[in-house]
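Have a look at the structure below before the remarks.
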Amino acid sequence: MALEWAADPLKEDRELVLEAVRHHDCASEWAADPLKADPLLSTEAVAINPFAVQGSKCMVCNVLELIAFEGTYRFWVTLGLSGKELQGDLPLSFTLGDLGR
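Adding 371 to a residue's 1-based position in the sequence shown gives its number in my numbering.
Right, here's the structure in full:
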């Protein structure tokens, strides 16, 4: 596993470790100690969160529907572990990452 032989600064990079854990369940064992304790980087958390919005205040964002409709994206998502639903329309220039703002 590449993270095992990575330089220490890379093992401290949260986004890099998150991506490594997404690809290999045991990658977190090679992360820096503070990241090993991060509950959002656990194998279980990553498994239930295949779509993470960078900078979002919610832990999970599940996309239920996303369609292009009359010049907009019509979306329907659930946010957080509570499953709160959010629906609406975004301009075609927006991304799902804009929902996290």
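C-beta atoms are modelled at their ideal positions from N, C-alpha and C, and glycine is treated no differently.
What residue from the options has the CA that sits closest to residue i's CA?
i             : options                           : result
glutamate 370 : Glu456, Thr449, Leu463 and Gln458 : Coverage of the chain is limited to positions 372 through 472, which leaves residue 370 absent and any answer about it impossible.
tyrosine 444  : Leu412, Leu435, Gly459 and Ser399 : Gly459
If we ignore side chains and look at the alpha-carbon of each, how far apart do residue i and residue j end up?
i              : j                 : result
aspartate 476  : aspartate 384     : In the structure as shown, the chain begins at 372 and stops at 472. Residue 476 is therefore absent and cannot be evaluated.
asparagine 433 : leucine 411       : 16 Å
glutamine 425  : alanine 377       : At glutamine 425, the pLDDT of 46 sits below 50, so the modelled position is not reliable; the number obtained from the coordinates is stated separately. Looking at the two C-alpha atoms, the distance is approximately 23 Å.
lysine 455     : phenylalanine 465 : 21 Å
proline 405    : leucine 387       : 14 Å
leucine 461    : alanine 439       : 9 Å
proline 389    : serine 413        : According to the sequence provided, residue 389 is leucine. The question's proline does not apply to it. About 9 Å.
Within a Cβ cutoff of 8 Å, which residues of the same chain sit near residue i, ignoring the five residues on either side of it in sequence?
i             : result
aspartate 379 : Ala403
leucine 381   : Leu374 and Leu387
Can you name, in chain order, every residue of its own chain whose Cβ lies under 7 Å from the Cβ of residue i, other than the five neighbours on each side?
i             : result
glutamate 375 : Trp401
leucine 435   : Trp447, Val448 and Thr449
alanine 391   : Leu374 and Ala398
lysine 407    : Ser399
Ranges of the alpha helix (DSSP H) found wholly within the region 431 to 461, counting only runs of at least 4: You should have found no qualifying run.
Inside the region 373 to 398 only - alpha helix (DSSP H) runs reaching at least 4 residues: Those alpha helix (DSSP H) runs which fall completely within the region 373 to 398 and span 4+ residues are 379 to 382 and 385 to 394.
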